[in-house]
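For the sequence shown, the numbering used here gives the first residue as 599, with consecutive numbering after it.
To start, the structure under review is shown below, and the notes come after it.
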Amino acid sequence: MITKMARWSLLAALFLAFIPQAASSKERLDTLVLNRIFNYRSSIDSTIEGYRTQAYLKFRVKTNRRNAALLCVPHLYTVARNKQKSHLGETYVSLTFHESQPTESEIHAHTSTLRRHRTVLPDINGYLTPNIYHMTLISDHLYSPFHHRNKRYYKYTVKQIFGTNANVEFHPRVNNTQAVSGDALVDIETGRIIRCTILGEFDMVAFEINLTMGQEGLASLLPASCKLKTKFSFLGNQLRCIYEATYGVKSLPAGTKVEGLQARELMDTLRPIPLTLEEKSVYAEYDSLRRSNVTDTTMVREKNFIKDFLWDVIGDNLLNRIKGKFDNDRGYYRISPIINPLYLTYSHRKGLTYRLTARAGYVFNENSDLYVRAKLGYSFKLNHTYFDIPLTYTFDDRNNGKVKLAWRNDELQATSTVLDQLKKKHGNTFDWDTLDLDYFKHSRLALTIQYDLNPYIGFESGILFNRWRSVDKEDFKAMGKPTFYKSTALSEELTLRPLGWQGPIVTIDYERTLKGVTKDHMDYERWEFDFSYFKPLPCLRSLSLRAGFGFYTTGTKNTYFLDFNNFREDNIPGGWNDEWSGDFELLHRNWYNSSHYYVRANASYESPLLLLSWIPLIGTITENERIYVSALHLSQIKYYMELGYSFTNRLLSMGIFTGYEEFKHFSCGLRFDFRLFDRW
599 MITKMARWSL LAALFLAFIP QAASSKERLD TLVLNRIFNY RSSIDSTIEG YRTQAYLKFR
659 VKTNRRNAAL LCVPHLYTVA RNKQKSHLGE TYVSLTFHES QPTESEIHAH TSTLRRHRTV
719 LPDINGYLTP NIYHMTLISD HLYSPFHHRN KRYYKYTVKQ IFGTNANVEF HPRVNNTQAV
779 SGDALVDIET GRIIRCTILG EFDMVAFEIN LTMGQEGLAS LLPASCKLKT KFSFLGNQLR
839 CIYEATYGVK SLPAGTKVEG LQARELMDTL RPIPLTLEEK SVYAEYDSLR RSNVTDTTMV
899 REKNFIKDFL WDVIGDNLLN RIKGKFDNDR GYYRISPIIN PLYLTYSHRK GLTYRLTARA
959 GYVFNENSDL YVRAKLGYSF KLNHTYFDIP LTYTFDDRNN GKVKLAWRND ELQATSTVLD
1019 QLKKKHGNTF DWDTLDLDYF KHSRLALTIQ YDLNPYIGFE SGILFNRWRS VDKEDFKAMG
1079 KPTFYKSTAL SEELTLRPLG WQGPIVTIDY ERTLKGVTKD HMDYERWEFD FSYFKPLPCL
1139 RSLSLRAGFG FYTTGTKNTY FLDFNNFRED NIPGGWNDEW SGDFELLHRN WYNSSHYYVR
1199 ANASYESPLL LLSWIPLIGT ITENERIYVS ALHLSQIKYY MELGYSFTNR LLSMGIFTGY
1259 EEFKHFSCGL RFDFRLFDRW
């Protein structure tokens, strides 16, 4: 007979043995559910690429607080100027889904209570169609917790079981703006997500996405309905928006396009969900204000016209982006804000620079278009204006067939060749330090044609016209030297892509003056070889590599101006993804035009989670980080190296760089670009 003590000992042993088994069983269940979620996309033998559906979208916005600062926020100018604090809008749209690109939309009917029937924060619409099984939820940002490559960034817990369904909670391991939190109701047997809630904050917008997915097959990869709640706060302004989307609604006849009151009448027959009393009251207030404006006296209408013209036309266009379409959307134009202070950039060498970008295009057909982009900048430190205006006509888009006319005026180019020759001729007759004979204003006009024979080989041919004008004309005249120099040259470029479009690119450039054909002052021959490779890595990371060399041959002794194509200073900053990689931030501009040859190498590595991202509070708003390593060899500088680190967040991109000249001379500098509302 078992004693009482023996019975208690046996129960204790069984209990202790059961705990690890239960924990192990729980861990196996979590792993099983997660693996089925991660593998569900591959179990569907269909692609969402090119899938089209119709959707009904509705937004409600309420302005809790607003002040003059709201005028500078893109797409919110009309909200800042409107009497109403609550607004409502409805859209009937056709959507085309893509596997890794943003969803395309074609609007058939749209109405809202905002002036000119505008929308609020149109880029937020991408949050209504998140690609939850892709690596990123929205275009190129926000790690999806349902992709296997991102599981390193999240903690998962299977909280409850409902028959064949489980509730899975997820939280980021690092509190970063690229990560989200929330929960999902999952079918345990297949791993299909039935519905989910996703919470996060990105680019100054806090959001909550409530998503219901389709039930089977291809439809289960796409949302059936979505409700999005957002909160935007900026300098005392606060807006709360609610967006709702219903997908798979009935189609409208082809070519349907209506706006305003006519669209609202159409919505009354199409709306899948009736308006609430609050939404009806927003429309009623809008109609009341509109009717009162119609019945105003002539004098009031004239005052309103002047006010509307000054504020809503001039003010809107000065402070916000100007954009539009014409000729049935075949043509378009976009201009960055004209006086918005957020379009300033600063670097250690160039000082403060203001920039302006304008672009326009016209599509003739799917294989041909005309495109122009003007980049303008002004350096306050150098008191110099830069511009770069390329006009491109694409005659064969399938084979990258283009004709380009580019006009550039972007350099205060330095050369000591002219000064050296004068010193040899005149000796110590003059006080050379008091004369400004080093700098010239350089402009360039290029007409080129390019064509790709196949994905591996392409070529470009053109004619170039270079002009140099001295900054101080009087000193040149006193020396008996011309104040104006020019050259006309032919250029050839061969492009090699050994692995096709996704691999490295090798270019070989050749340029030769037309000596004897035109009355130019220069005679030269130039060769350049360049290697570049951009490698996207999983989880929003990337690696950029660039290396090359160039040299002058014929006529170098009499060539006053050395102007390399792949080794030059970009005076109009392009932003985070343009010119920060492959550039020398601290190299003095004089060195770009002083050596008859160069050898260079540049590398940069980018990741959203690198250094700052792991620091509390700071890491919460850090979007991307980069590390730079650059090296250079010139005839005057045998060894030059730069190391740099930069980060980007909702406000700006900032980088710190250190330079080492022949391991002796040390320099350090800072660069930043404003990025506030850059994605909007």
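Built from N, CA and C at the ideal position, the CB exists for glycine as well.
{"Check": "Roughly how many angstroms lie between the CA atoms of L669 and S849, to the nearest whole one?", "Outcome": "37 Å"}
{"Check": "Taking DSSP as the reference, what is the three-state secondary structure of T895?", "Outcome": "At T895 the pLDDT is 42, less than 50, meaning the model places this residue with poor confidence; the figure from the coordinates comes in the next sentence. In the structure shown, T895 sits in coil (DSSP, three-state: anything other than H, G, I, E or B)."}
{"Check": "Cα-Cα, which of T955, H708 and G959 is closest to D927?", "Outcome": "G959"}
{"Check": "Do you know how far the Cα of A1229 is from the Cα of F1261?", "Outcome": "12 Å"}
{"Check": "Give the DSSP bridge partners of L783, in chain order.", "Outcome": "N765 and R793"}
{"Check": "Can you say whether E1223 is buried or exposed, counting buried as having 16 or more other CB atoms within 10 angstroms of its CB?", "Outcome": "buried"}
{"Check": "What three-state label does DSSP hand I807 in the structure shown?", "Outcome": "strand"}
{"Check": "Under 8 Å, do Y845 and C1137 count as touching if we go by C-beta distance?", "Outcome": "no"}
{"Check": "For Y1237, does the count of other Cβ atoms within 10 angstroms reach 16, so buried, or fall short, so exposed?", "Outcome": "exposed"}
{"Check": "Suppose contacts are defined by Cβ-Cβ distances below 8 Å. Is T1246 in contact with R1273 by that definition?", "Outcome": "yes"}
{"Check": "For P1206, count neighbouring Cβ atoms within 10 angstroms of its own Cβ and tell me buried if that reaches 16, exposed if not.", "Outcome": "buried"}
{"Check": "Cβ atoms of E688 and K656: under 8 Å apart, would you say?", "Outcome": "yes"}
{"Check": "With DSSP run on the structure shown, which of helix, strand or coil describes H1024?", "Outcome": "Note that H1024 scores a pLDDT of 48, beneath 50, so its modelled location is shaky and nothing firm can be said."}
{"Check": "Suppose you measure from the CA of Q699 to the CA of Y1195; what does that come to, to the nearest Å?", "Outcome": "42 Å"}
{"Check": "To the nearest angstrom, how far is it from the Cα of K923 to the Cα of H708?", "Outcome": "16 Å"}
{"Check": "Nearest by alpha-carbon distance to M733: which of V766, Q776, K753 and E704 is it?", "Outcome": "Q776"}
{"Check": "With distance defined between alpha-carbon atoms, name the residue in D1128, A804, T943 and H673 nearest to L1268.", "Outcome": "T943"}
{"Check": "State the beta-bridge partners of E799 as determined by DSSP.", "Outcome": "A804"}
{"Check": "Grab me the residues of V1001's own chain with a C-beta within less than 6 Å of its C-beta, minus the 5 sequence neighbours each way, in chain order.", "Outcome": "Y991 and I1047"}
{"Check": "Out of curiosity, what's the CA-to-CA distance linking G853 and H706?", "Outcome": "8 Å"}
{"Check": "Report all residues from its chain with a CB closer than 6 Å to the CB of F768; omit the five preceding and five following residues, and keep chain order.", "Outcome": "P743, Y752 and Y754"}
{"Check": "When the distance is taken between beta carbons, is T676 closer than 8 Å to R713?", "Outcome": "yes"}
{"Check": "Among the candidates T810, E876, P1080 and N1163, whose CA atom is the shortest distance from the CA of S684?", "Outcome": "E876"}
{"Check": "Using 10 angstroms around the beta-carbon of G858, count the other beta-carbons present and answer buried if the total reaches 16, otherwise exposed.", "Outcome": "exposed"}
{"Check": "Just to confirm before moving on: does the CB-CB distance between L809 and R793 stay below 8 Å?", "Outcome": "yes"}
{"Check": "Whose C-alpha, out of G1146, G834, V766 and Q652, is nearest the C-alpha of A843?", "Outcome": "Q652"}
{"Check": "Alpha carbon to alpha carbon, how far is T711 from I807?", "Outcome": "24 Å"}
{"Check": "Thinking C-alpha only, which one of L1185, N723, L1003 and F1159 is nearest L1062?", "Outcome": "L1003"}
{"Check": "By DSSP, does E814 sit in helix, in strand, or in coil?", "Outcome": "coil"}
{"Check": "Below 8 Å CB to CB, which residues in the same chain sit around R1144 once its five sequence neighbours on both sides are set aside?", "Outcome": "D1128, F1129, S1130, Y1131, S1179, G1180, R1198, A1199, N1200 and A1201"}
{"Check": "First and last residue of the beta strand (DSSP E) that includes T951?", "Outcome": "G949 to N963"}
{"Check": "How would you label N1296, buried or exposed, when you count the other beta carbons within 10 angstroms and need 16 or more for buried?", "Outcome": "Lying before the first or after the last residue shown, residue 1296 is absent from the chain, which here runs from 599 to 1278."}
{"Check": "If you compare alpha carbons, which of L873, Y1037, W1005 and R634 is closest to I987?", "Outcome": "W1005"}
{"Check": "Let me check understanding here. Comparing Cα to Cα, which of L1045, D1050 and N981 lies closest to K1039?", "Outcome": "N981"}
{"Check": "Exposed or buried, P770, counting other C-beta atoms within 10 Å across all chains shown (16 or more means buried)?", "Outcome": "buried"}
{"Check": "Between P1096 and the rest of its own chain, which residues show a CB-CB distance below 8 Å, the 5 nearest in sequence each way excluded?", "Outcome": "Y1054, P1102 and V1104"}
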